[in-house]
Amino acid sequence: DQQVKQNSPSLSVQEGRISILNCDYTNSMFDYFLWYKKYPAEGPTFLISISSIKDKNEDGRFTVFLNKSAKHLSLHIVPSQPGDSAVYFCAASARGGTSYGKLTFGQGTILTVHP
Amino acid sequence: DAGVIQSPRHEVTEMGQEVTLRCKPISGHNSLFWYRQTMMRGLELLIYFNNNVPIDDSGMPEDRFSAKMPNASFSTLKIQPSEPRDSAVYFCASRPGQENSPLHFGNGTRLTVT
Numbered sequence: 001d002q003q004v005k006q007n008s009p010s011l012s013v014q015e016g017r018i019s020i021l022n023c024d025y026t027n028s029m030f031d032y033f034l035w036y037k038k039y040p041a042e043g044p045t046f047l048i049s050i051s052s053i054k055d056k057n058e059d060g061r062f063t064v065f066l067n068k069s070a071k072h073l074s075l076h077i078v079p080s081q082p083g084d085s086a087v088y089f090c091a092a093s094a095r096g097g098t099s100y101g102k103l104t105f106g107q108g109t110i111l112t113v114h115p
Numbered sequence: 116d117a118g119v120i121q122s123p124r125h126e127v128t129e130m131g132q133e134v135t136l137r138c139k140p141i142s143g144h145n146s147l148f149w150y151r152q153t154m155m156r157g158l159e160l161l162i163y164f165n166n167n168v169p170i171d172d173s174g175m176p177e178d179r180f181s182a183k184m185p186n187a188s189f190s191t192l193k194i195q196p197s198e199p200r201d202s203a204v205y206f207c208a209s210r211p212g213q214e215n216s217p218l219h220f221g222n223g224t225r226l227t228v229t
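If you read the protein sequences in the order shown, they are chains A and B. Just so you know, our numbering puts 91 at position 91 of the first sequence, and the rest follows in order with no gaps. When you read off a place in the second sequence, starting at 1, and then add 115, the result is the number in our numbering.
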C-alpha cells in the first residue's frame, strides 16, 4: 500500500531550466508534506516543507505547491544547477494517533542536471 | 552540531549472525526513528521512539528485529539472526519535540548479509 507515490523514477534537465518533481498521495489524513534531497552515501537532508493550510511555500530557488483536492504536490527548482543532481524524496505525515510523527516516503526521483 | 551519528557505516556479516546497529541522535531531540532503504520498498519506517519510549513498531518486519533506546542519547537496532534479505541501508533520524518539524538523518549503515 503505497500511500505516497513518485511516479517518475528519474528526470533529466538542462542547467538553468526549471526542474519539476511530482508526488501524489492517497491518505486524506496527511496534513504536512516535506521534500528531502539525498546524495549517494549520505542520509536524506531536509529541503522544504508545506502545511496543508497553505498551497505554496517558497525558499530561494525551491518552491513547493500543494493541491489538496488532487492530493498532489510538486517541487519546482528554478534555475536548476548541476549541484542539484540527487535523489529527491517526497514525504508526508498526519496529525495525531499512532501516526503522530511518522513520515511516509515516496520511492524517490533521481534528478540529473546537465551543464 | 555533530548531527545524527550512526555506526558502523558498513557491516558485512554471514547469515545467522547477530547484527547491532547504533545511533546517537542530535542532543535535545525528543524523537528517534529507524528507517530501512531497499531498492524494492524505498524508505520504510521500522520503529520510532518518543522520549525514549517506543511509540510505533508496526514496521518492524519480524521478531528477528528489535530496537532499544536506553537513554536520550543512544539507540540500537538489532537483527538476530540475520538473513540475506535484511541487506539494506539502515537510517536513523531524530527531531525535536514539535509535531511538524523535519527529521534529521544520519548517513546510514549499509548492511550486507551473505
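Don't be surprised by glycine CBs; every beta carbon is placed ideally from N, CA and C.
In DSSP terms, what residue i is bridged to
{"i": "Pro169 of chain B", "result": "B:Phe164"}
{"i": "Val4 of chain A", "result": "A:Tyr25"}
{"i": "Arg225 of chain B", "result": "B:His125 and B:Val204"}
{"i": "Ala193 of chain A", "result": "Outside the modelled stretch of chain A, which goes from 1 to 115, sits residue 193 of chain A, for which no answer is possible."}
{"i": "Val134 of chain B", "result": "B:Ile194"}
{"i": "Ala86 of chain A", "result": "A:Leu111"}
{"i": "Ser209 of chain B", "result": "B:Leu147 and B:His219"}
{"i": "Tyr39 of chain A", "result": "None; Tyr39 of chain A has no bridge partner."}
{"i": "Glu159 of chain B", "result": "B:Arg151"}
Limits of the beta strand (DSSP E) - the one that residue i falls within
{"i": "Asn22 of chain A", "result": "Ser19 to Tyr25"}
{"i": "Ser12 of chain A", "result": "Ser10 to Gln14"}
{"i": "Ile50 of chain A", "result": "Thr45 to Ser51"}
{"i": "Ile141 of chain B", "result": "Unbroken run through Ile141 of chain B: none, as it is neither H nor E."}
{"i": "Leu103 of chain A", "result": "Here Leu103 of chain A belongs to no beta strand (DSSP E), and DSSP marks it neither H nor E."}
{"i": "Glu58 of chain A", "result": "Lys56 to Asp59"}
{"i": "Lys183 of chain B", "result": "Phe180 to Asn186"}
{"i": "Leu73 of chain A", "result": "His72 to Ile77"}
{"i": "Val119 of chain B", "result": "Note, Val119 of chain B: premise wrong, no beta strand (DSSP E); not H, not E."}
{"i": "Asn215 of chain B", "result": "That residue, Asn215 of chain B, is in no beta strand (DSSP E); it is neither H nor E in DSSP."}
Min CB distance residue i to chain A below 9 Å
{"i": "Val127 of chain B", "result": "no"}
{"i": "Gln159 of chain B", "result": "The sequence as given places Glu at residue 159 of chain B; Gln does not occur at that position. With 9 Å as the cut-off, Glu159 of chain B counts as an interface residue toward chain A."}
{"i": "Val168 of chain B", "result": "no"}
{"i": "Phe206 of chain B", "result": "yes"}
{"i": "His219 of chain B", "result": "yes"}
{"i": "Phe180 of chain B", "result": "no"}
{"i": "Phe189 of chain B", "result": "no"}
{"i": "Gly100 of chain B", "result": "Outside the shown range of chain B (116 to 229) lies residue 100 of chain B, about which nothing can therefore be said."}
{"i": "Val119 of chain B", "result": "yes"}
{"i": "Gly131 of chain B", "result": "no"}
{"i": "Asp201 of chain B", "result": "no"}
{"i": "Asn186 of chain B", "result": "no"}
Residue-level contact to chain B via CB, residue i, 9 Å cutoff
{"i": "Thr63 of chain A", "result": "no"}
{"i": "Lys102 of chain A", "result": "yes"}
{"i": "Gln3 of chain A", "result": "no"}
{"i": "Glu42 of chain A", "result": "yes"}
{"i": "Leu34 of chain A", "result": "yes"}
{"i": "Gly16 of chain A", "result": "no"}
{"i": "Thr26 of chain A", "result": "no"}
{"i": "Gln107 of chain A", "result": "yes"}
{"i": "Phe30 of chain A", "result": "no"}
{"i": "Ser85 of chain A", "result": "no"}
{"i": "Ser8 of chain A", "result": "no"}
{"i": "Thr45 of chain A", "result": "yes"}
{"i": "Ser159 of chain A", "result": "Lying before the first or after the last residue shown, residue 159 of chain A is absent from chain A, which here runs from 1 to 115."}
Contact under 9 Å by Cβ, residue i with residue j
{"i": "Ser10 of chain A", "j": "Leu111 of chain A", "result": "yes"}
{"i": "Leu47 of chain A", "j": "Tyr32 of chain A", "result": "no"}
{"i": "Ser197 of chain B", "j": "Met130 of chain B", "result": "yes"}
{"i": "Thr191 of chain B", "j": "Thr135 of chain B", "result": "yes"}
{"i": "Pro79 of chain A", "j": "His114 of chain A", "result": "no"}
{"i": "Thr109 of chain A", "j": "Gln6 of chain A", "result": "yes"}
{"i": "Asn27 of chain A", "j": "Ala94 of chain A", "result": "yes"}
{"i": "Ser30 of chain A", "j": "Tyr150 of chain B", "result": "Before going further, note that residue 30 of chain A is Phe rather than Ser in the sequence given. The answer is no: Cβ separation not under 9 Å."}
>> Below 8 Å, how does it come out for the segment 116–128 of chain B and the segment 193–210 of chain B: are there three or more Cβ pairs, yes or no?
In response: Enough Cβ pairs lie closer than 8 Å, so yes.
>> Pairs of beta-carbons, one from the segment 140–151 of chain B and one from the segment 52–66 of chain A, closer than 8 Å: are there three or more?
In response: Result no; under three Cβ-Cβ pairs closer than 8 Å.
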